[in-house]
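This report refers to the structure that appears directly beneath it.
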Amino acid sequence: MTQKNKAYSLILNNLIIYGIAIILALGVISIFVAILGYNVWDALRTLLTTSFKSSFGFSETIKKAIPLLFATYAFTIPFMIKFFNIGGWGQMLFGGTMTVVVGLTLGPLGLPAIIMIPLLLLVGIVSGGVFALVAGFLKAKYNINPIISTIMLNFIAYQFVNFIATSDAFKDPLEGHPITQKLSESSLMGFFGEIPASIIVAFIAIIFVYLVMKRTRLGFEITSVGQNLIASQTYGINFSKTIMVAFFIGGALAGIGGSLEVINIHGKLIEGFAKTSGAQFGIFGVLTSLVVAGNPLAVPFAAFFMSVLLVGADSLQRTMQVPVEVVFLSQAIIVMFVVIIREKYGKGNK
Amino acid sequence: MAADYINCKNISKAFGVVKALDSIDFVVKKGEIHGLLGENGAGKSTLMNILYGLYRPNKGEIFLDGKKTIIKSPLDSIKNGIGMVHQISTLVPEFTAVENIMLGSEGEKLTLHTAREREKIKEISEEFGLQFPVDVKIKELSAGIKQKIEIVRALYSGATLLILDEPTTSLVESEFQQLLKSLKVFVEKGVTVVFITHKIKEVMEACTAVTVMRKGKVQARVEKEELGIEKLVKLMFMEQNIEVTESALPKVNLPEIEISKNPVLQVKNISITGNDTSPGLKDISFDIFGGEIFGVAAVSGNGEKNIAECIINPSVLHSGDILINGESIKNNSPLDVFAKGVSYTPEDRIKEGILNEGSIKENVLLGHQEEERFLKKKLFIDWNETALAARDVIKEFNVDTPDEELSMRRLSGGNIQKAIIGRAFVSPLKLLVTHNPTSGLDISTVEFIFKKLVELRNSGSSVLFVNEDLDELMIVSDRIAVLHDGKLKGIFKRSEYDKYKIGLMMIGG
Amino acid sequence: MKKILVFVLLFSLIISFSVFGGGETEEGTDAWAIKIAAVFPGSIQDADYNTIGYIALQEAANAEGIKSAYSEKVAVPDAERVLKEYINADFSIIFVHGAQFNGAAAKVAPNYPDVTFIIEVDAKPDTLSPNIWYIERNYYTGFYVLGALASMKTETGKIGFIGGLELPFIRGEVNAINQAIKDQNSDATLEYIFVGDFNDPLKARQAAEGLMSQGADIIISAVNLGNFGLYGAVKEANKPVFLTTTYTDKLTQAPDNYLSSDLFNFSIPVKGIVAKIIAGEKSGFWSMEYGEGKARSTQFPISNVSDSINAAVKQIAEDVASGKIVVEKVLGEVLQ
Amino acid sequence: MAFITSFIESVLVYTTVYTLASLGILISGRTGIFNVAGEGIMLASASAGFLAAFLSGSWLIGFLAGALMGAFFGLILAFVHETFKVNQFILGICLVIFGSGLSDLLYKLVIGVRLSAPIAPDTLRITIPFLSKVPIISGFLNHDVIVYFMYAATFTAWWFFYRTKIGLETRAIGENPKAADVVGINVSRRRYLATIIGSSLIGIAGAYLTIAITKTYSPDISAGRGFMAVGIAIFASWKPQRAILGGFIFAFIEVMSFQLQIISDKIPYQFFLMLPFISILVIMVVFKKHIEFPASVGKPYSRE
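Protein sequence lines, in the order shown, are assigned to chains Y, X, U and D.
The first sequence begins at 67 in my numbering and counts up by one.
The second sequence begins at 6 in my numbering and counts up by one.
The third sequence begins at 115 in my numbering and counts up by one.
The fourth sequence begins at -1 in my numbering and counts up by one.
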């Protein structure tokens, strides 16, 4: 009986944490908005409702939520074994860039969409995964902190995008920005009205992550190592292998995110893609993941909520000229509060 | 009669819900070498850490020299002339002896008078007969030398009360004799010593008075003239009232059964290199046959953990070989060993045994994740099958939980232990290696676990039962091997059991 | 499960917000009034490319008495979304400041024939869209003049050029400078560096230091915020090094090292085009003309040069403006 | 000769940024606090330092403001970690994001839109008579006061850690906080102090970017250098004397990559721009055996 009560109190506990988090979120933003001399009530309403007032707002929210979902997964999966993949952005860039390279190279062959699209997604998966694997390998083999290595890889990926987008083979010579030529029609995914077709891939990814984490031995091993490294090793789980696999999966998911941006949203490689509201999806992914304590099942919801905030923030800038940095700043503070609250009250009795 | 130097009155301390000390009264007189004797977990170190200011008591008062003193931090205790040598080295491995000793001492902070201090340190170490190399990094020195350095550090900062927490754990006999000499010098120079140990022999040789603790309570203070081995063994291992003892021990029915001819486990001349916390293993051999519970008795830190671990993870072996059913497992990974019908329950059930945040179901799977029964197409975990296994464990082992989905950390210690042992029974078991499975559990749970071990034995499998509690070992083992300082001291058959003799052997007698 | 429950609750919170927040449209009510929006790639406080765009927007809006709004620091991939947001909010003129957004504008424009876009290009397109106004920026003309100035001023015979990214208009600038050097019969050589970013002052500074240590004593800058790195570099150089900049007068930043700037005045075309749009002309091409007082000009007097050089460069500028000197426009590649 | 001298001179400018930032990181690292927030601290201080210098007209006040902003971040990091035992890396990342948001916001609020960018006052330059004329050596000595401050800070940090007792004690905390605790050293207080002092050095490095190098503020001005500094602190095995060496090496690579770009026409310039980031990874792999960590770095400490 008491056990059931305990389980119930756990739910209540989480409710309280997220409740406090949301109230804090709105509170912190309100304070900043008020300090800057804007109308708090208008600002909050714009922030929270823009996504739901028009089909445009909603589709924009979805368009942000999809890459954000993948960026969040990229951080979340390695975070399950307590390592920080700050390189989601770089992995997205690399995945997207390789997708364009392969797409433009194979373009003249005139392959049908049914072959091209899965192939390009596969390119995104493999290249994103391998790019992240570098960090996993450096940790497993050379004990290099993944925070450092993934950030360095971000910068390398950024230059790589530039290189491809300005290279003679791929560039669009008439663009006033590093942009490649357009991918062929058969490489592109379409839209359902305003909603990008990549939402299907996102749903598949959600199911995939759920299945891998909850149904496979791999997921079990990753979860176990994250919860108790000593016990996992005692009971036969290989740490080096697990960390590399976790980074690969994280990177692969980021890679698909990059691929989808390219083949569904832009249709070409644009320097500076995988960014929103003036910051990388990678950073928002880290924040989103930390809010839900790296729980992969909660990621889709968190990513959607974060997108609502981002779309709201854009609208806030447009309509009230409130700087986007306010939202950005607030998010960091909110995550800090949530982490503190969780550390203090979320663990129950230790 | 000398005056009371330390007088601890009614001290209680709890860590979370675990009561470590229960209304302790503890007295040390000036000029004593005072032995603080007790089993592991009796609360000796906790009491001393309170005296040293590392822990704050929940209740109680401390009087030093008759004055009530509040000790908030080690700084306070150092100022009051208390020095402590901890069980686990608290030296900085990267520093030399001089640097370590200089740490925290009084005086100006903006200079390093290494040369001057080195002379002072050398003076003190000569005065007390504790020589050591002063300019070598600590990490390159042996445990015995590290200890000398810690003692000198305490004396250097002006200690008139020296607390030694298990100082002999990693000392060889000659080093112990040297320490003994030093202790006498200390007393001559006016330093009072508190000597924490669980080795009766040492107490007999070294101490002028002894306090015996058991399970967070003081059993008795014994003066020098009353000291006797038998009395101390009784105080340490049993309740004062023998009748209470009898009924307080778990009861198990151990029927005579036929023991198989072929050994399930053969351990052949194995050695493992030691480290700070363990002497390792030195050339150990024994066989375990089907249908027996083979007990290993040892005081903690004498290599017993290595014995348990090296069977599951043979890669730690330095030399020798281990065979299971005649097959060498020398190059096997833990999963290979598990696949041979071996299972393991580790010493520290929370730190080494469970996934804290995981459900009971997930915890039951741990260690079985590669078995065909739970794995579909080599990739997918069959959670239905796992749930069935988990429910079996819950049912068979009386785990008190509404269902198998409950998070492991929501269970009590006893239920966690039952689940861990239950997990070992999930697949056909030829050998169960279990280390301290009953520590901290109530008597009915202990009885239940023993019943399960005996059932396993009765079915023809074997159990390697590593345990600190000698009483329990004697109740449930068919044979008992005694381990001391990484060496096998002897193997007793059930008919040869003699608690006093085994107890003495455990503590190096 | 528990987390899911939490988010369901969260959802209902958002929905309830949208219910009681609904009813009114997002921005104002005067849907019939003409409104102008602008999209800027960087911060409008950059005292550079974005600031002059912002000023053009304000002047155009004030001149016509219409309402204006803007988004700054818009990333290229975000441009399409931002454009649509303004269209959704009933803005009928959108000034797209920066050729990097042209792809997005070209994609959006056909679907919204009622909205007129003003975009910036470096070459006249073959066909004009029915609802796009094109502003040709003609970077190369101004850089021809700067190139001539550099080849007169240099003593080491080495001229350095710092660009952000290798883009068509940047190539045009490099080619124009080379043409000017040749036209001056100068022995000077041009070394060029790309720093990968128009707005990273540290990298620009390092690039300048690299050029200077190779002997360059004139630096022609084609970066934006990156310029801030250059001032320090030239000021702290061991020997006199001079620089030119773009867009605005930056004399005060490095008075002893500053020569001139390739000035832009976007207010002229934007004001002119907005007036035409309001008059009903929804498409057209506007080339920014070079010459004193025009949309494109070189900053005179040139600082830190002799009167003779000042006069000679002024003559060249006038010749370029009058068409006496024809600056070739080559954007495809850097000619060797 | 003149080429080498001027090359060294420009390398020294970036060496100052890297060395000060990695010194700041290693000082707190020596007490066990792994400060990965360097990037955020540099950005916030770059903005705050510049604004203070610009408004007051004094470079000194600018650097003090930068240091103060850094100290503020250090205080948050130490307070939240020591009080709630929150994971240092999560905190660090939050602070990075916080810092990058704060920097732009501050600038926007104070400066607004102007046609000509505000300029910071010149930082005091010190030339040492005679020595500043000698080729090569003058590359090290012909600089503004912060470069000399960097030399002094490196020397002081080395002297503090290896020549004073309080430094010895501080190192002991990083190696074994329990060892320090049992001899009566207040671990928590030292961690606060080290983190605050270290962060203010990072703040000075950030302010140096705007006040001395560019003389004005632009968004994202540190462009990853705060993270590079963490890499340098690790490469330096948390030793001040090696931090200045590491700072010099990476500044050298960075400056060199532009020299190479001028010389080589064939290789795309992006690969030269990748060079600093690739080299930090390569160096960490190559020098793996020579890299040591204070044993407790990144770990919370509590007695019970």
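Ideal Cβ positions, reconstructed from N, Cα and C, are used throughout, including at glycine.
Between P282 of chain U and L170 of chain Y the beta-carbon gap is near 19 Å, outside 8 Å, which marks them as no contact.
Between the alpha carbons of S467 of chain X and I316 of chain X lies a distance of about 14 Å. Beyond the five residues adjoining it in sequence on each side, S265 of chain X comes within less than 7 Å, by CB distance, of F294, G295, G296 and G465 in the same chain, given in chain order.
Beta bridge pairing from DSSP links E66 of chain X with X:K14.
Spatial neighbours of H489 of chain X in its own chain (CB-CB distance under 7 Å, excluding positions within 5 residues in sequence) are listed in chain order as A303, N307, M510, M511 and G513. Shown here, Y306 of chain U sits in a strand according to DSSP, grouped into three states.
Looking at the DSSP output, A225 of chain X bridges to X:V217. The beta carbon of L10 of chain D does not come within 8 Å of any beta carbon belonging to chain X, so the residue lies off that interface. With a threshold of 8 Å between beta carbons, G310 of chain U makes contact with chain Y. Taking 8 Å as the cut-off, the Cβ atoms of M226 of chain D and F246 of chain D do not count as close. In chain order, G88, A159, V196 and V198 place their CB closer than 6 Å to the CB of L167 of chain X, counting only its own chain and leaving out the 5 sequence neighbours on each side.
According to the DSSP assignment, N274 of chain X belongs to the beta strand (DSSP E) that extends over P268 to I277. The beta carbon of G300 of chain X lies closer than 6 Å to those of F470, L478, S482 and I485 in the same chain, with the five residues before and after it left out. By DSSP's assignment, H440 of chain X forms a beta bridge with X:V471.
If you draw a straight line from the Cα of I386 of chain X to the Cα of S364 of chain X, it comes to about 15 Å.
In the structure shown, M146 of chain Y falls within a coil segment according to DSSP collapsed to helix, strand and coil. Within chain Y, E391 and L395 have C-beta atoms less than 8 Å from the C-beta of L100 of chain D, given in sequence order. Take the alpha-carbon of I129 of chain X and the one of G40 of chain X: they are about 24 Å apart. Listed in chain order, the positions of the stretch 280 to 312 of chain Y with a beta carbon within less than 9 Å of a beta carbon of chain X are K280, R281, T282, R283, L284, G285, F286, E287, T289, S290, G292, Q293, N294, I296, A297, S298, Q299, T300, Y301, G302, I303 and N304. Listed as beta-bridge partners of H332 of chain Y by DSSP are no residues whatsoever.
Residues of the same chain with a CB within less than 6 Å of the CB of S411 of chain U, apart from the 5 flanking positions on each side, are L377 in chain order. Nearest CB-CB separation between F257 of chain U and chain Y: not below the 8 Å threshold. Taking 8 Å as the threshold, the shortest C-beta distance from K114 of chain X to chain D falls below it.
A direct Cα-to-Cα measurement between R499 of chain X and I55 of chain X gives close to 42 Å. Looking at the DSSP output, M89 of chain X bridges to X:I168.
Here L96 of chain X is buried, its C-beta having at least 16 other C-beta atoms within 10 Å. Per DSSP, R28 of chain D lies in no beta strand (DSSP E) segment and is marked neither H nor E.
Looking at the backbone, the Cα of K129 of chain Y and that of G259 of chain Y are separated by about 13 Å. Boundaries of the alpha helix (DSSP H) harbouring E199 of chain U: A193 to N202, taken from the DSSP string. Judged by beta-carbon spacing, L373 of chain U lies beyond the 8 Å limit of K296 of chain U, meaning their Cβ atoms are not closer than that value. With fewer than 16 other CB atoms across the displayed protein chains lying within 10 angstroms of its CB, F20 of chain X is exposed. Using a Cβ-Cβ cut-off of 8 Å, F399 of chain U does not count as an interface residue toward chain Y, since no Cβ of chain Y sits closer than that to its own.
Neighbours of E327 of chain Y across chain D, judged by C-beta separation under 7 Å, do not exist; the nearest C-beta is about 20 Å away.
For K286 of chain D, the chain Y residues whose C-beta falls within less than 7 Å of its own C-beta are Y208, listed in chain order. Each residue's CA atom was taken as its position, placing Y10 of chain X and E111 of chain X some 24 Å apart. The three-state secondary structure of R158 of chain X, taken from DSSP, is helix.
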